[in-house]
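Asks: In the working numbering, the protein residues as written are 3 to 299. Beta carbons are placed, not taken as given, at the ideal position from N, Cα and C, and that holds for glycine.
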């Protein structure tokens, strides 16, 4: 299934406009420790949080994939005998199963096709785009300009008494299940690890508008949405014989509101090389560390 989409680039364009709109308001990487990871073939599946858009060095411009993302760090630390990183910015569960198109509109084959019968380890980080991550961030950031102290985003997504984002998470669960079952069928002997998503917003409080332009009362709401997404990924992993690597907990205190030397995830205007609201190199390393610790536990 080929679907021309440019979600990350479109979102980046909208966020660049937001940065201009809010401008008037705005007055050494350690190597992850080696772990008891399967020593054979390692395949990484996932979206932009896996791929590492705009983190030097970009080795695939269609997928905006870095050679300093967590799969590359994990493979180097584990000494994998072979390594295939097919993660792609903008990917959904459908892109893993059926293929699609990348940020340049070039066709991308199903990520699943990289998983072979002799694969020893598969990591999966997916689901954010299934619930519309880029659109949510853009919509909520825009809404904050008119009501920075209110909850315009929550009001929008819960209008009528139904939380649309929670419903999207529930709808994504069987899609993630389908991915994990397909991986298991393709590589019956592989160890499969599902990663959640790191903290974008502070784990407590009301954020840091306008540095991160999410309205104060929307911050707790969106924090809860991310935690619900991670909880779904954790339970789906367990139900399908995979392990879950929690990357949220070690990222607490390293969210987009923190200093440029501390944060794992960049804000609207990145101060480290990364896409807006995406992990920087420090965040990718942090996720690699969390994954290696979980594989070794």
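Please go through the same chain and pick out, in chain order, the residues whose beta-carbon is closer than 7 angstroms to the beta-carbon of residue 211, but skip the five residues on each side of it.
Replies: Hits under 7 angstroms: 146, 150, 217 and 218.
Asks: For the candidate residues 107, 111, 93 and 105, whose alpha-carbon lies nearest to that of residue 126?
Replies: The shortest C-alpha separation from residue 126 is found at 93.
Asks: Counting pairs of Cβ atoms below 8 angstroms between the region 238-248 and the region 160-173, do you hit three or more?
Replies: No, because fewer than three Cβ pairs between the region 238-248 and the region 160-173 fall closer than 8 angstroms, the two stretches do not touch.
Asks: Identify, in the order they occur along the chain, each residue of the same chain with its Cβ nearer than 7 angstroms to the Cβ of residue 124, setting aside the five sequence neighbours on each side.
Replies: 45, 47, 117, 185, 189, 192 and 194.
Asks: Rounded to the nearest angstrom, what separates residue 62 and residue 162 at their Cα positions?
Replies: Taking the straight line from one Cα to the other gives about 43 angstroms.
Asks: Can you tell me which of the three DSSP states residue 159 falls into?
Replies: In this structure, residue 159 counts as helix in the three-state DSSP scheme.
Asks: Output the distance between the C-alpha atoms of residue 82 and residue 269, rounded to the nearest integer angstrom.
Replies: Distance between the alpha carbons of residue 82 and residue 269: 33 angstroms.
Asks: Do you know offhand how far residue 52's Cα is from residue 275's?
Replies: Distance between the alpha carbons of residue 52 and residue 275 is about 15 angstroms.
Asks: Would you kindly work out how many angstroms separate the C-alpha atoms of residue 248 and residue 152, rounded to a whole number?
Replies: Cα-Cα distance, rounded: 31 angstroms.
Asks: How many Å lie between residue 208 and residue 221 at the Cα?
Replies: Rounded to whole angstroms, residue 208 to residue 221 spans 5 angstroms at the Cα level.
Asks: Check residue 76 in the structure and name its three-state DSSP category.
Replies: Three-state result, residue 76: helix.
Asks: One question on the structure: do residue 181 and residue 76 come within less than 7 angstroms of each other, judged by their Cβ atoms?
Replies: Contact flag unset, no.
Asks: Is residue 240 helix, strand or coil by DSSP?
Replies: Correct three-state label for residue 240: helix.
Asks: Compute the distance between the beta-carbons of residue 70 and residue 283, then report whether it is under 7 angstroms.
Replies: Yes, the pair counts as a contact, with Cβ atoms nearer than the cut-off.
Asks: Give me the Cβ distance between residue 50 and residue 91, rounded to the nearest whole Å; I'm assuming they're in contact under 8 angstroms.
Replies: Their Cβ separation, rounded to whole angstroms, is 4 angstroms, which keeps residue 50 and residue 91 in contact under 8 angstroms.
Asks: For residue 48, list the residues DSSP reports as bridge partners.
Replies: According to DSSP, which records beta bridges pairwise, residue 48 is partnered with 127.
Asks: Given this structure, state the Cα-to-Cα distance separating residue 280 from residue 136, to the nearest angstrom.
Replies: So the alpha carbons of these two residues sit roughly 10 angstroms apart.
Asks: My assumption, with CB atoms under 8 angstroms, is that residue 250 sits in contact with residue 201. Please give the rounded CB distance.
Replies: Between residue 201 and residue 250 the Cβ distance is about 6 angstroms, and since that is below 8 angstroms, they are a contact.
Asks: Could you spell out the range, first to last residue, of the alpha helix (DSSP H) harbouring residue 175?
Replies: 166-188 is the extent of the alpha helix (DSSP H) around residue 175.
Asks: Along the chain, where does the beta strand (DSSP E) containing residue 197 start, and where does it finish?
Replies: Start and end: 193-197.
Asks: Residue 246 lies in the beta strand (DSSP E); which residues open and close that run?
Replies: It spans 245-247 - the beta strand (DSSP E) in which residue 246 sits, taken as one unbroken run.
Asks: Considering just the uninterrupted stretch of the beta strand (DSSP E) at residue 60, what are its terminal residues?
Replies: Here the beta strand (DSSP E) through residue 60 covers 60-62.
Asks: Take the Cβ of residue 1 as the centre, count every other Cβ of all protein chains shown within 10 Å, and call the residue buried at 16 or more, exposed below.
Replies: Examination of residue 1 is not possible in this model, given that the chain is present from 3 through 299 alone.
Asks: I'd like to confirm the pairing. Which residues does DSSP put opposite residue 102 in its beta bridges?
Replies: 110.
Asks: Determine the DSSP secondary structure at residue 84, reduced to helix, strand or coil.
Replies: Looking at residue 84 - three-state DSSP - the assignment turns out to be strand.
Asks: State the beta-bridge partners of residue 68 as determined by DSSP.
Replies: Bridge partners of residue 68: 60.
Asks: In whole angstroms, what is the alpha-carbon distance linking residue 65 and residue 106?
Replies: Going from the Cα of residue 65 to the Cα of residue 106 covers about 8 angstroms.
Asks: Rounded to the nearest angstrom, what separates residue 119 and residue 227 at their Cα positions?
Replies: The alpha-carbon atoms of residue 119 and residue 227 are separated by roughly 36 angstroms.
Asks: How should residue 128 be labelled, buried or exposed, when 16 other C-beta atoms within 10 angstroms of its C-beta is the threshold for buried?
Replies: Result: buried.
Asks: Is it right to say residue 133 is buried, meaning 16 or more other beta carbons lie within 10 angstroms of its own, or is it exposed?
Replies: Buried, by the Cβ-count rule.
Asks: Relative to the C-alpha of residue 99, which candidate in 87, 112, 292 and 148 has its C-alpha closest?
Replies: For residue 99, the nearest C-alpha among the options comes from 112.
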